[in-house]
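In numbering that gives the first Met the number 0, the protein residues as written are 0 to 309.
Beta carbons are placed, not taken as given, at the ideal position from N, Cα and C, and that holds for glycine.
Here the structure is laid out as C-alpha cells; the discussion comes afterwards.
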Amino acid sequence: MLQVDDLRKKFKSTTAVDGVNLYLNEGESVGLLGPNGAGKSTTISMISTLLRPTGGEIHFKGVDVLKKPEVIRPVLGVVPQEIALYEELTAIENMKFFGKTYGLSGENLKNKVAEVLELVGLTDRGKDRVKEFSGGMKRRINMAVALMHDPVLLIMDEPTVGIDPQSRNYILEMVRDLNKTKNMTILYTSHYMEEVERLCDRVYIMDHGQIIASGTQEELKSILSSEETLLIEVQEKSADFIKKLSVHPSIQQVVEANGGYKVITAKGEDLFSDIFNLAKSNQVKIRGVHVQTPTLEDVFLHMTGRKLRD
Ligand SMILES: Nc1ncnc2c1ncn2[C@@H]1O[C@H](COP(=O)(O)OP(=O)(O)OP(=O)(O)O)[C@@H](O)[C@H]1O
Ligand SMILES: [Mg+2]
Numbered sequence: 000m001l002q003v004d005d006l007r008k009k010f011k012s013t014t015a016v017d018g019v020n021l022y023l024n025e026g027e028s029v030g031l032l033g034p035n036g037a038g039k040s041t042t043i044s045m046i047s048t049l050l051r052p053t054g055g056e057i058h059f060k061g062v063d064v065l066k067k068p069e070v071i072r073p074v075l076g077v078v079p080q081e082i083a084l085y086e087e088l089t090a091i092e093n094m095k096f097f098g099k100t101y102g103l104s105g106e107n108l109k110n111k112v113a114e115v116l117e118l119v120g121l122t123d124r125g126k127d128r129v130k131e132f133s134g135g136m137k138r139r140i141n142m143a144v145a146l147m148h149d150p151v152l153l154i155m156d157e158p159t160v161g162i163d164p165q166s167r168n169y170i171l172e173m174v175r176d177l178n179k180t181k182n183m184t185i186l187y188t189s190h191y192m193e194e195v196e197r198l199c200d201r202v203y204i205m206d207h208g209q210i211i212a213s214g215t216q217e218e219l220k221s222i223l224s225s226e227e228t229l230l231i232e233v234q235e236k237s238a239d240f241i242k243k244l245s246v247h248p249s250i251q252q253v254v255e256a257n258g259g260y261k262v263i264t265a266k267g268e269d270l271f272s273d274i275f276n277l278a279k280s281n282q283v284k285i286r287g288v289h290v291q292t293p294t295l296e297d298v299f300l301h302m303t304g305r306k307l308r309d
C-alpha cells in the first residue's frame with residue numbers, strides 16, 4: 000500500500016531523515032519507534048504530504064505521492080503529535096469543521112459525528128468546548144477529527160503522550176479495534192515500546208534519521224537470541240558499580256533501570272559471581288538478579304547503547 004524509498008530531509012545543518020526505507024501492507028499495523036529527535040515526525044510529515052522531502056520517493060498504491068499528492072490525501076488520516084483543535088469550539092464543532100473539509104455535509108456529516116464521537120467514547124461531552132477538556136479527552140478528539148472521512152490509512156504521531164493511563168488504554172484499544180475489525184492500515188509512532196509491542200505486527204526502529212532495525216517483534220527480539228538480559232536489583236545505586244559493570248568483558252550494555260541496572264550479556268556466561276564480587280567491592284547491596292525475556296527496548300539498547308527514554 001505504501002512504499003517509502005531512501006527518504007531524506009535536511010533542515011539547514013540538521014539531517015532529520017537520512018535515507019529511510021519502509022513499507023506498509025494493507026491491513027497491517029506498523030510501529031515506528033524511536034527516541035526524541037529520531038526523525039519520526041519529519042518522516043510522517045513527508046508521507047502526509049505536509050513537508051517536501053529533500054530526496055527519495057513515496058508511493059501509495061504504486062502512484063508517486065510527491066507528484067500526485069491527491070492519491071493519498073483523501074484516504075489518509077493523520078493524528079499530529081501536537082493537538083490541532085480549535086479550543087473555543089465544542090468537540091462537535093471541531094469534528095464538523097474537519098468533516099466539511101473532507102466534503103461531508105448534511106445528514107452524512109451529522110451521522111458521522113455521532114458515530115466517531117461514540118468511537119472515542121465522548122458522546123456525552125460533544126457539546127462542551129475543547130478548552131474545558133482534560134489532556135486525554137483532547138487527545139481523543141484529536142483522533143476523532145482524523146477519523147471523520149473513514150481513512151484507509153491512519154498515521155498517528157505519539158497519540159498518547161502526557162495523558163492519564165485510562166485515556167491511554169482507551170486510545171490503544173480503539174486503535175487496535177480500528178485495525179482488527181475495520182481493517183484500517185496503521186502507522187503508529189511512539190517512544191513507548193510497550194505500546195508498540197501491544198499494537199503492532201511489524202516494527203521499525205529509528206534513530207538519528209535512519210532505520211536501524213526492522214521486522215516483526217519476534218524477528219527483532221531474535222537479534223538478541225545469543226544474549227541475555229539481566230536485571231540487577233540493588234539497595235542503592237552506585238556510579239562506580241555501573242562503571243565497573245560496563246567495562247566487564249562479558250557485559251555488552253548497562254543502563255539504569257527501575258530499582259537497579261539492566262545488563263545485556265552473552266548467553267551462557269556465568270556472570271553471577273563477578274556481579275556479586277563487583278557489588279561487594281563497591282559497597283553495593285544486591286537484592287536480586289533476574290534473567291528477563293528481551294523487549295523491544297532491549298533491542299534498541301543493544302543496537303545503540305542507549306535507552307529509548309532518558
Ligand atoms: N522545521 C524544522 N526545522 C529545523 N529542524 C527541524 C525541524 N523539524 C525537525 N527538525 C529537527 O529534525 C530532527 C528530527 O526531528 P523530529 O521532530 O522528526 O523527531 P521525532 O523523532 O519526531 O522526535 P520526538 O520524539 O521528540 O517527537 C531533530 O533534530 C529536530 O530538531
Ligand atoms: Mg515527533
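query, result
"Classification of His289 by the beta-carbon crowding that lies within 10 angstroms, buried from 16 upward", "exposed"
"Any heavy atom of ligand 1 within less than 5 Å of residue CB: hits in chain order", "Phe10, Thr13, Ala15, Asn35, Gly36, Ala37, Gly38, Lys39, Ser40, Thr41"
"Proximity below 7 Å, CB of Val74 to CB of Pro150", "yes"
"Stretch pair the stretch 258-266 + the stretch 210-230: three plus CB contacts closer than 8 Å", "yes"
"Selected residue, minimal CA-CA separation from Thr287, among Val233, Arg124, Gly105", "Per the sequence shown, the amino acid found at residue 287 is Gly instead of Thr. Gly287 has its Cα closest to that of Val233, out of Val233, Arg124, Gly105."
"Any 3 or more C-beta pairs closer than 8 Å across the stretch 190-206 and the stretch 30-45", "yes"
"Contacts around Gly284, its chain only, beta-carbon distance under 8 Å, and the 5 residues preceding and following it disregarded", "Here residue 284 is Lys; the residue named in the question, Gly, does not match the sequence. Excluding sequence neighbours, Lys284 sits near Val233, Gln234, Glu235, Ala278."
"Leu23 and Val16 closer than 7 Å at C-beta", "no"
"Top-ranked residue by Cα proximity to Ser221, from Phe271, Lys99, Pro52, Asp297", "Asp297"
"Val174: first and last residue of the uninterrupted alpha helix (DSSP H) it sits in", "164-179"
"Local Cβ density within 10 Å of Gln252, reported as buried at 16 or more and exposed below that", "buried"
"Through-space distance from Pro68 to Gly161, alpha-carbon basis", "32 Å"
"Anticipated Cβ contact below 8 Å, Gly125 with Ala90, distance rounded", "5 Å"
"Assigned secondary structure, Val144 (DSSP; H/G/I helix, E/B strand, else coil)", "helix"
"Gly214 (DSSP reduced to helix, strand or coil)", "strand"
"Buried or exposed by the 16-neighbour rule on C-beta atoms within 10 Å, applied to Pro293", "buried"
"Whole-angstrom distance between Leu88 and Val129, CA atom to CA atom", "6 Å"
"Gly259, DSSP secondary structure in three states", "strand"
"Expected contact under 8 Å - CB spacing of Leu84 and Lys137 to nearest Å", "7 Å"
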